[in-house]
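Student: Keeping their order, the protein sequence lines are chains A and B.
Numbered per this note's numbering, the first sequence spans residues 1 to 420.
Numbered per this note's numbering, the second sequence spans residues 421 to 667.
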Amino acid sequence: MSTLTVEHVARIEGHGTISVEVDNGAVGEIRMDIVEPTRFFESMVVGRRFDEAPLITSRICGICSPNHAVTSLKALEAAMGIEISERTRLLRTLLVHGSFLQNHATHLYVLAAPDYVGLPNFIPLAESHPEVVARALSIKKLGNDLTTAVGGRPVHPITAVVGGFTAEPSRADLEALAERLRSVAKDVAETVGLFSTFDVPKFDTAGEMLALKAEGEYAVYDGDVCALDAGWCRPVGEYLDFVSEHVVGHSNAKHSTIDGRTFMVGALARVNLNWDQLMPTARIVASKAGLRPISKNTFANNLCQAIELVDAAERCAMLCQRLLDETGSSKPVGYKIKAGAGTSATEAPRGTLYHTLAIDDDGFVTAGNVITPTAQNLANLEADMRAFAPTVVDLPEEQFVLRIEQLVRAYDPCLSCAVH
Amino acid sequence: MPAHVAVISLASDFGCQVQITNLDDKLLAVLGQFELSYWQLASSGHLPDTYDVAVIEGAVTTPEHVELLKRVRATARTVILIGACAVTGGIPGLAADGFDERLGCVYGDDGTLLVCGRISPMPVDSVIDVDYRVPGCPIQPDELVAVLQRALMGLADRPQREPMCASCKVAENQCFYEHGVVCLGMITRSGCGAKCISLGRPCTGCRGVAADANLEYARQVLVERGLDPARLVTALQLYNSLQEAAR
Ligand code: SF4
Ligand code: SF4
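#1: Which residues of chain B have a Cβ atom closer than 8 Å to the Cβ of R153/A, listed in chain order?
#2: Where do the ends of the beta strand (DSSP E) carrying K213/A lie?
#3: Should Y597/B be counted as a contact of ligand 1 given a C-beta to heavy atom distance under 7 Å?
#4: List, from N- to C-terminal side, the alpha helix (DSSP H) runs of 4 residues or more that fit wholly inside the stretch 109-142 of chain A.
#5: Is the distance from the Cβ of M44/A to the Cβ of K338/A below 8 Å?
#6: Taking a contact to mean a Cβ-Cβ separation below 8 Å, would you say V6/A touches A389/A in this structure?
#7: Listed in chain order, which residues of the stretch 49-72 of chain A have Cβ atoms closer than 7 Å to some Cβ of chain B?
#8: Quick one, which residues of the stretch 243-260 of chain A are near chain B if we go by CB-CB under 7 Å, in chain order?
#9: Classify Y354/A as buried or exposed, calling it buried when 16 or more other Cβ atoms lie within 10 Å of its own Cβ.
#10: So which of P157/A, D23/A, F122/A has the shortest CA-CA distance to V70/A?
#11: Can you give me the C-alpha to C-alpha distance between N67/A and R92/A, rounded to a whole angstrom?
#12: Using a C-beta cutoff of 8 Å, does Y527/B count as contacting chain A?
#13: Output, in chain order, the set of chain B residues within a Cβ distance shorter than 8 Å of T166/A.
#14: Taking 8 Å as the CB-CB cut-off, is N634/B touching chain A?
#15: Can we count T654/B as close to ligand 2, meaning its CB is less than 7 Å from some heavy atom?
#16: List in chain order: all unbroken beta strand (DSSP E) runs of 3+ residues lying wholly within the stretch 462-550 of chain B.
#17: If we define contact as Cβ-Cβ less than 8 Å, is I158/A a contact residue for chain B?
#18: Would the C-beta of P649/B count as close to ligand 1, meaning under 7 Å from any of its heavy atoms?
#19: Among the candidates Q277/A, I404/A, S72/A, G98/A, whose CA atom is the shortest distance from the CA of A387/A?
#20: For a contact meaning CB atoms closer than 7 Å, what does D433/B contact in chain A?
#21: Tell me, which residues are paired with C414/A by DSSP?
#22: Below 8 Å between beta carbons: does that hold for N302/A and F203/A?
#23: Please tell me whether, using a cut-off of 7 Å, the distance from the CB of A365/B to the nearest non-hydrogen atom of ligand 2 is below it.
#24: Tell me which residue opens and which closes the beta strand (DSSP E) that D224/A is part of.
#25: Helix, strand or coil: which one does DSSP assign to I63/A?
#26: How big is the Cα-Cα spacing for E484/B and P512/B?
#27: Would you identify the three-state DSSP class for G669/B, choosing helix, strand or coil?
#28: Using the DSSP secondary-structure output, state which residues sit across from V427/B in a beta bridge.
#29: Need the endpoints of the alpha helix (DSSP H) that H355/A sits in, please.
#30: Is the shortest distance between the beta-carbon of M32/A and the beta-carbons of chain B less than 8 Å?
#31: Can you give the Cα-Cα distance for T508/B and R578/B, rounded to whole angstroms?
#32: Note down, in chain order, each residue of its chain lying with its Cβ closer than 7 Å to the Cβ of R627/B, except the 5 sequence neighbours on either side.
#33: Please classify Y221/A: does DSSP put it in a helix, a strand, or coil?
#34: Go ahead and pull the three-state DSSP assignment for Y552/B.
#35: Per DSSP, what kind of secondary structure is C233/A in: helix, strand or coil?
#36: Residues bridged to V370/A by DSSP?
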């Protein structure tokens, strides 16, 4: 019996170690140890002023900080019964979709792609495939510029506050962004093309899939939580009834199940559940790339991230146009601080993100709960590793390990957020 | 010979490393001057035995972090801290108060199952000497480039000494105190161009306390405005709870 270990798996966010026992060509125990240190975020918000909560929770993850900020704002508004304006909703939706552009481009090109072209990182890619790197950087920059225009900076938004925004992008900014978003169409479509040429294993996950769904839109800002296999949809406020979290000894991140089953959240789950709501171009590009729902291939998650890039670019252009055409204000609405508890969810690039915040009459936070996408995915990721490893165990050791790492990177796990 | 750089992360949200990748157009030009020896976020491979410059993100929260930092200091010629977590303890530092109760609070009784050891959060300079600091939550990519250039040229760190109010005045912002809103600009290290204030939010002190800050005077300003001076300290705790000024 020998144990193969990959310590501090590279090109993922956070610190995790994979160990696989192999005995005479048979796979034994497989684990993903999450050694990322806990920072105790849920306890950190307690005792702080309510308006500091979004600043604190957004430090759970610098990569999807706009999502954490927006989700906390929504939880606080739910707690105090605050109704936001339509314009605020549009701007927040733009902020969340902008984070998809930013994130997916980074993950796909900087973290995932090197696997498939046999390189240790993306820097040598600049020499071998300059056009690919140029494309990656231009999509990522557009995502950054978008989140900067709306949120004030690319990481950790400033302008989004309880009830609205303290500043808005100018008309000129919105016009320029809309134009750039339209002209990036070719680059994002080519990204789907590129990822569809990569040789990914045929491997279907046995897990359930969950994502938000809403009437008439590709749900990211709100909606109900829907389960693909089980076919149910339930309000976000009930998430603690259907997502159960438990501590496992080898991981600083809790594992999640629903009805005793492991499940997957993220791009693949969203595309499966919201296929009809994707922008038509995204559906066409996806079909050309050979992806049609329902796909259960875990590795297809990366392709779905690329498909979401196509969707996000077009959708953000449309949102910018709506913000230009429609008047109305995003100035924070007036509100009274009062005690209450609120729950909310958004779709972060890696999947559904839940926040609950409770505050007292003076506006100090009394309790917080956060369930991040990776924390939901981890149990399914381990189940996938167990099912997938025996199918590639005959490969030379280096190839075998690479395949397992690719499976992990297909999830785009964010371990610092999973631990939080 | 280009300097070999290792990018190392302790407990953080990776936001400052994301800001490195956000150098976008400049990324390749900057990295071109260095040999990237290790960067877990962006590359395969392990921390090598030798390198010249260590760029460290994140707060110290485990005994392993302490050991790692000692090894890093013995290896690297230059140590650069990036981000509030590493420089002041940042947001992770908020957990230091009542640290021992937090495990049970977040994980319940099963918390004892958890694997790695943990210690109350600390900024990096309470463990090892450091040469340069790029403050902020997150860092500004341009400031990192400037510090890297200084490190390459062997120039000493030169932090901005004056507080944010100076940049705020240059930006012609209206002062928050005119509306009775607490702003930490009076005591916060400048260099971000008063970003938040210009976008309608008071400064929350993510860049740490400026060397020339006059805390006593700042407290007085709050008193004069009819605000509770204790609010200066509670506001400062957000990113600086482990610093003397916030105690
Ligand atoms: S206190 Fe804040 S708003 Fe007032 S001048 Fe200083 S930085 Fe500007
Ligand atoms: S204004 Fe203050 S809080 Fe905002 S980025 Fe600058 S130092 Fe940080």
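The beta carbon of each residue, even a glycine, is placed where N, CA and C say it ideally should be.
Tutor: According to the structure data:
#1: P558, K615
#2: 208-213
#3: yes
#4: Taken in chain order, the complete alpha helix (DSSP H) segments of 4 or more residues contained in the stretch 109-142 of chain A are 113-117, 123-128.
#5: Not a contact, by the Cβ cut-off of 8 Å.
#6: no
#7: E52, L55, I56, R59, I60, C61, G62, I63, S65
#8: V247, G249, H250, N252
#9: buried
#10: P157/A
#11: 9 Å
#12: For Y527/B, the nearest beta carbon of chain A is closer than 8 Å to its own beta carbon.
#13: L619, G620, R621
#14: no
#15: no
#16: 473-477, 498-502
#17: yes
#18: no
#19: I404/A
#20: R59, I60, C61, G62, S416
#21: According to DSSP, which records beta bridges pairwise, C414/A is partnered with E13/A.
#22: no
#23: Chain B is shown from 421 up to 667; residue 365/B falls before or after that span and cannot be answered.
#24: 224-227
#25: coil
#26: 17 Å
#27: Nothing about residue 669/B can be reported from this structure: the residues present for chain B run from 421 to 667 only.
#28: W459/B, V475/B
#29: Here H355/A belongs to no alpha helix (DSSP H); instead the beta strand (DSSP E) covers 351-359.
#30: no
#31: 17 Å
#32: Here the set comprises P555, G556, T608, R609, G611, C612.
#33: coil
#34: Three-state DSSP puts Y552/B in a strand.
#35: strand
#36: H355/A
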